[in-house]
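J.: Dropping the structure in here first, questions after.
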Amino acid sequence: SLVVLFGATAGAYGAKLGSDERELILLVWQVVDLHSKKVGTLHKSLVKADNLDLSDQCREVSGLTPEGLGKAEPLDRVLQQFGQLVSSDLKVLGRSSYTLCSDGQLLIRQVLHPETSKKNFLLSDCFYSFYDLRKEFHTCYPSSAAVKDQTIKTMAEYLGLGTDEAEEDFGVWQVKTMVAIIFSMLSEGCNHVFTEPETVKYKYETGPCSKSETVDSETVIRARGLPWQSSDQDIARFFKGLNIAKGGVALCLNSQGRRNGEALVRFVSSEQRDLALERHKHHMGSRYIEVYKATGEEFLKIAGGTSNEVAQFLSKENQVIIRMRGLPFTATQEDVLGFLGPECPVTGGKEGLLFVKYPDGRPTGDAFVLFSCEEYAQNALKKHKEILGKRYIELFRSTAAEVQQVLNRYMSTPLIPTLPTPIIPVIPSPYTIASGSIRDCVRLRGLPYTAGIDDILEFMGDATGDIKPHGVHMVLNQQGRPSGDAFIQMKSADKAFMVAQKCHKKMMKDRYVEVFQCSGEEMNFVLMGGTLNRSGLSPPPCKLPCLSPPAYAAFQTAAVIPAEAAALYQPQALLPTTRTPQASAAAPPAVTYYPAQAAQLYMNYTAYYPSPPVSPTTVGYIAAPPGAVAAAATATHTPILPQPGALVRMQGLPYNTGMKEILSFFQGYQYAPDDYNGLIQLSDQARSVLQAPKEWVCL
């Protein structure tokens with residue numbers, strides 16, 4: 001038997017049913033015996049929604065009113081009545097089992113499942129399997145319109161059924177017409193058999209993903225705006241009614257290994273993915289979630305793994321994964337098992353623990369734990385911020401994809417990143433930021449915080465070719481993160497004017513960006529920490545009398561270190577050796593090599609500082625190979641400064657540390673200019689830079 005089911009919400013109707021999160025207000029159904037071709041009683045039931053504000057389309061199409069719906073039963077009571085009435089009708093027809101049949105997938109997948117999930121009550125098993133009448137009709141009549149273009153009316157017209165929609169109540173006509181279509185499909189000319197129903201997964205299945213897998217880009221979406229504590233099960237609940245692939249939820253992490261509010265979700269088919277896109281800006285609690293298309297490559301980058309250790313750890317399927325963070329570096333498996341206690345036994349004992357380590361084997365303080373059921377996992381989460389040793393331990397729900405991502409991040413990152421060796425050693429003339437009153441620059445304001453250089457270049461479009469080399473400057477805040485502003489140097493004032501006219505309030509990642517024409521002087525003031533607004537220019541802190549020593553007056557606005565002085569900042573100094581005055585004189589020469597037009601460093605005087613100038617050709621300054629040093633020294637006949645040990649590396653900084661705290665930490669440590677006199681030939685500008693009191697350059 002089939003139970004033909006039709007429904008409507010208080011909002012959109014037809015192809016957009018369920019896309020606006022509006023509640024169900026109407027259910028109409030009728031039992032059909034496929035063998036005897038008999039039907040049961042036709043039932044129509046109104047549903048009382050929490051919000052009785054009906055859309056104009058709903059009022060026009062259905063004829064329903066808030067007053068009439070206010071007297072109806074809530075959804076849970078209506079569904080109970082549905083089950084009782086269907087059982088009664090089946091008994092009259094001499095049948096015991098049935099399958100639902102609806103007009104398309106929206107009513108089941110996009111309305112009933114999401115709404116009942118939000119209202120925290122379970123649907124009966126009959127709602128997890130149903131026939132899509134549109135697909136069945138197209139299978140029976142291949143020459144009919146495509147499935148996505150079918151409606152009840154077009155199917156009836158194709159068969160020449162002469163039903164008049166105006167003669168029946170809303171919902172009643174739809175069910176009667178669907179029954180007539182089914183009987184036509186069962187006639188001797190067609191003899192259609194209903195054999196393969198659509199299915200809805202009962203729960204999300206976890207599992208590992210290998211980088212060698214092939215992931216169809218038409219099945220992946222990106223969800224943005226998730227609560228930071230949300231788990232894969234929370235995301236699966238948000239997409240309730242749609243079938244997510246096994247292990248198909250990948251939570252994205254930021255550079256500190258913490259969740260950034262985004263996730264990549266892989267569905268079993270492109271049809272399911274398209275339905276997921278219709279949930280754009282639906283709500284998870286009080287937050288709305290943005291849903292966009294993504295690619296299979298992006299999914300594999302986050303969720304894919306190659307480690308055999310991880311694969312073995314995740315081979316135990318349908319386990320609840322908990323992430324532990326902040327473990328003492330000396331913690332052992334026995335310590336962790338003792339911390340969790342007998343009330344939350346770990347699956348497989350020690351085999352259910354996975355410690356995250358650096359490539360050299362040092363512990364990171366993170367670990368993942370497997371539990372066989374939700375009860376044990378909940379008991380473990382109750383130990384959040386309890387003490388192990390002398391440290392409090394954080395516990396969070398996790399996913400298989402997060403395990404892969406965290407392990408990939410730590411195991412693939414070298415302890416000290418290495419830079420590529422340049423081909424040709426070049427020490428060019430210094431490349432300075434523009435100054436003066438010529439308005440050949442543009443300011444971008446309101447950039448998304450996730451926007452990078454590539455996004456800006458794409459935003460600029462054809463005007464990218466008019467950007468000066470190294471002419472893109474991202475303005476960072478005191479934590480070193482993007483502030484939402486950027487400056488771009490154009491080749492002329494006319495080009496800057498055209499860009500400001502063309503790109504002002506153009507969209508970038510769902511945000512409009514303001515574009516203003518400005519001068520190099522105005523740009524430098526902001527890059528050095530000043531403000532530029534309708535009231536005019538406010539000087540940066542380093543230019544204020546109360547904050548600036550007298551020697552700062554010697555600096556140019558651009559604050560650029562000349563090429564002669566740039567040799568003071570050697571990348572080899574990350575690991576300096578102890579030097580004595582005698583050893584310095586005999587030390588092997590070291591030289592810094594620069595790709596063309598990249599010899600520029602900033603002196604960061606304030607907490608509001610610019611990023612290095614960036615263009616598509618910028619690489620940064622890099623160390624030359626030892627063999628090239630002698631050749632460069634022989635060719636130039638210029639005294640070269642020995643390796644000075646000018647850089648230090650700081651580890652263990654608090655996450656909220658800003659520039660001011662670092663500068664305060666090093667208060668009183670300055671360069672002694674006398675140490676460098678006579679070692680290299682300096683221009684007057686370079687000498688003024690070296691002889692002025694030095695602030696630390698924070699990289």
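FYI, full-length UniProt numbering numbers position 505 of the sequence shown as 505, with every residue one higher than the one before it. Glycine included, each C-beta is placed from N, C-alpha and C at the ideal position.
For Gly63, tell me which candidate among Tyr13, Lys390 and Ser87 has the shortest Cα-Cα distance.
T.: For the purposes of this step, residue 63 is taken as residue 63 along the sequence shown, with counting starting at 1. Checked all of Tyr13, Lys390 and Ser87; the closest Cα to Gly63 is Tyr13.
J.: Answer with buried or exposed for Val61, where buried requires no fewer than 16 other C-beta atoms within 10 angstroms of its C-beta.
T.: As a position in the sequence shown, residue 61 is number 61, starting the count at 1. Result: exposed.
J.: Is the Cβ-Cβ distance between Gly361 and Phe329 less than 8 Å?
T.: Along the sequence shown, read from residue 1 onward, the residue named residue 361 stands at position 361. Along the sequence shown, read from residue 1 onward, the residue named residue 329 stands at position 329. Against a cut-off of 8 Å, the Cβ pair of Phe329 and Gly361 comes out as no contact.
J.: Quick one: Cα of Lys203 to Cα of Thr116, how far?
T.: Residue 203 sits at position 203 when you count from the first residue of the sequence shown. Residue 116 sits at position 116 when you count from the first residue of the sequence shown. Straight-line Cα distance between these residues: approximately 14 Å.
J.: Can you say whether Ser231 is buried or exposed, counting buried as having 16 or more other CB atoms within 10 angstroms of its CB?
T.: By one-based count along the sequence shown, residue 231 stands at place 231. Ser231 is buried by the Cβ-count criterion.
J.: Would you identify the three-state DSSP class for residue 733, choosing helix, strand or coil?
T.: Nothing can be reported for residue 733: it is not among the residues displayed for the chain, which extend from 1 to 699.
J.: CA-CA distance, Asp89 and Ser45?
T.: Here residue 89 corresponds to residue number 89 of the sequence shown, with the count starting at 1. Here residue 45 corresponds to residue number 45 of the sequence shown, with the count starting at 1. So the two alpha carbons sit approximately 16 Å from each other.
J.: Based on the DSSP secondary-structure assignment, which residues constitute the bridge partners of Asp33?
T.: Sequence index remark: in the sequence shown, residue 33 carries index 33 (1-based). DSSP, once it has assigned bridges, lists Lys38 as partnering Asp33.
J.: Which runs of the beta strand (DSSP E) at least 3 residues long sit entirely within the segment 450–497? Give them in chain order.
T.: With a minimum length of 3 residues, the continuous beta strand (DSSP E) runs that stay inside the segment 450–497 are 467–476 and 482–490.
J.: To which residues does DSSP link Tyr392 through a beta bridge?
T.: Looking up residue 392 in the sequence shown gives position 392. Beta-bridge pairing links Tyr392 to Ile387.
J.: Using only alpha-carbon positions, find the residue among Ser519, Leu112 and Gly225 that is nearest to Ser437.
T.: Working through the sequence shown from its first residue, we reach residue 437 at position 437. Ranking Ser519, Leu112 and Gly225 by Cα distance to Ser437 puts Ser519 first.
J.: Let's test the definition: count the other Cβ atoms within 10 Å of the Cβ of Pro74 and tell me whether it reaches 16, buried, or not, exposed.
T.: On the sequence shown, position 74 is the one that residue 74 refers to. Per the 10 Å Cβ criterion, exposed.
J.: Compare the beta carbon distance of Arg445 and Gln517 with 8 Å and say whether it is the shorter of the two.
T.: If you number the sequence shown from 1, residue 445 lands on position 445. If you number the sequence shown from 1, residue 517 lands on position 517. No, Cβ-Cβ distance for Arg445 and Gln517 is not below 8 Å.
J.: Any idea what DSSP makes of residue 700, helix, strand or coil?
T.: One cannot answer for residue 700 here, as it falls past the ends of the chain, which runs 1 to 699.
J.: Which same chain residues end up closer than 8 Å to Lys119 when comparing Cβ atoms and leaving out the 5 residues on each side of it in sequence?
T.: Taking the first residue of the sequence shown as 1, we reach residue 119 at position 119. Closer than 8 Å at the Cβ level, and outside the excluded window around Lys119, lie Leu75 and Asp76.
J.: Among the residues of its own chain, which have a CB less than 6 Å from the CB of Gln489, if the five just before and after it don't count?
T.: Translated into positions along the sequence shown, residue 489 becomes position 489. Once the five neighbours on either side are set aside, the close Cβ partners of Gln489 are Ala434, Cys441, Lys468 and Gly471.
J.: Can you give me the start and stop residues for the beta strand (DSSP E) that Pro363 sits inside?
T.: Taking the sequence shown and counting its residues from 1, the one referred to as residue 363 is at position 363. First-last of the beta strand (DSSP E) with Pro363: Pro363 to Phe371.
J.: Going by CA-CA distance only, name the one from Lys350, Ala380 and Arg59 that's closest to Glu343.
T.: Working through the sequence shown from its first residue, we reach residue 343 at position 343. Ranking Lys350, Ala380 and Arg59 by Cα distance to Glu343 puts Ala380 first.
J.: Please classify Leu653 as buried or exposed, where buried requires at least 16 neighbouring CB atoms within 10 angstroms.
T.: Here the question's residue 653 lines up with position 653 in the sequence shown. Result: exposed.
J.: In the structure shown, what three-state DSSP assignment does Gln404 receive?
T.: As a first step, residue 404 is located in the sequence shown; it is residue number 404 there, counting from the start. Helix at Gln404.
J.: Go ahead and pull the three-state DSSP assignment for Val346.
T.: Indexing the sequence shown from 1 puts residue 346 at position 346. Coil.
J.: In whole angstroms, give me the CA-to-CA distance for Ser270 and Ser492.
T.: As a first step, residue 270 must be located in the sequence shown, where it is residue number 270. As a first step, residue 492 must be located in the sequence shown, where it is residue number 492. Taking the straight line from one Cα to the other gives about 48 Å.
J.: Tell me whether the segment 204–215 and the segment 387–404 touch, counting them as touching only if at least three CB pairs, one residue from each stretch, are closer than 8 Å.
T.: Because the criterion of three Cβ pairs below 8 Å is met, the segment 204–215 and the segment 387–404 touch.
J.: Would you call the segment 278–285 and the segment 252–269 touching, i.e. three or more CB-CB distances under 8 Å?
T.: The segment 278–285 vs the segment 252–269: no contact.
J.: So, is Asn318 buried or exposed, given that buried needs 16 or more other C-beta atoms within 10 angstroms?
T.: Walking along the sequence shown from the start, residue 318 turns up at place 318. Looking at its Cβ environment, which holds fewer than 16 other Cβ atoms inside 10 Å, Asn318 is exposed.
J.: Ignore the nearest five residues each way along the sequence and tell me which others in Gln333's own chain have a CB closer than 7 Å to its CB.
T.: Position 333 of the sequence shown, counting from 1, holds the residue named residue 333. The residues are Lys350 and Leu353.
J.: Measuring CB to CB, does Glu108 end up less than 8 Å from Leu69?
T.: Looking up residue 108 in the sequence shown gives position 108. Looking up residue 69 in the sequence shown gives position 69. Residue identity differs from the one stated: residue 108 is Ile in this sequence, not Glu. No. Outside cutoff.
J.: Can you find the residues in the same chain that come closer than 8 Å, C-beta to C-beta, to Thr139, ignoring five residues on each side of it along the sequence?
T.: Position 139 of the sequence shown holds residue 139. Around Thr139: His192.
J.: Could you tell me the boundaries of the alpha helix (DSSP H) in which Ile302 lies?
T.: By one-based count along the sequence shown, residue 302 stands at place 302. Where Ile302 is concerned, the enclosing alpha helix (DSSP H) stretches over Gly296 to Ala303.
J.: Have a look at Glu374 and Phe130 and give me their C-alpha separation to the nearest angstrom.
T.: Stepping through the sequence shown from its first residue, residue 374 is reached at position 374. Stepping through the sequence shown from its first residue, residue 130 is reached at position 130. Going from the Cα of Glu374 to the Cα of Phe130 covers about 29 Å.
J.: Per DSSP, which residues does Ala276 bridge with? Please list them.
T.: Looking up residue 276 in the sequence shown gives position 276. BP columns for Ala276 are empty, so no partner.
J.: Going by the beta-carbon positions, is the gap between Ala250 and Ile302 smaller than 8 Å?
T.: To locate residue 250, count along the sequence shown from 1; it is residue 250. To locate residue 302, count along the sequence shown from 1; it is residue 302. Cβ atoms of Ala250 and Ile302: closer than 8 Å.
J.: In the DSSP assignment, what residue or residues form a beta bridge with Arg259?
T.: Along the sequence shown, one-based indexing puts residue 259 at 259. Beta-bridge pairing links Arg259 to Leu253.
J.: Name the DSSP bridge partner or partners of His283?
T.: The residue given as residue 283 occupies position 283 in the sequence shown. Note: His283 sits in a beta bridge opposite Tyr288.
J.: Consult DSSP for Gln667 and reduce its assignment to one of helix, strand or coil.
T.: Sequence index remark: in the sequence shown, residue 667 carries index 667 (1-based). Here Gln667 sits in coil by DSSP.
J.: Out of curiosity, what's the CA-to-CA distance linking Gly237 and Phe525?
T.: As a position in the sequence shown, residue 237 is number 237, starting the count at 1. As a position in the sequence shown, residue 525 is number 525, starting the count at 1. Here residue 237 turns out to be Arg, not Gly, going by the sequence shown. If I take the Cα positions, the gap works out to 50 Å.
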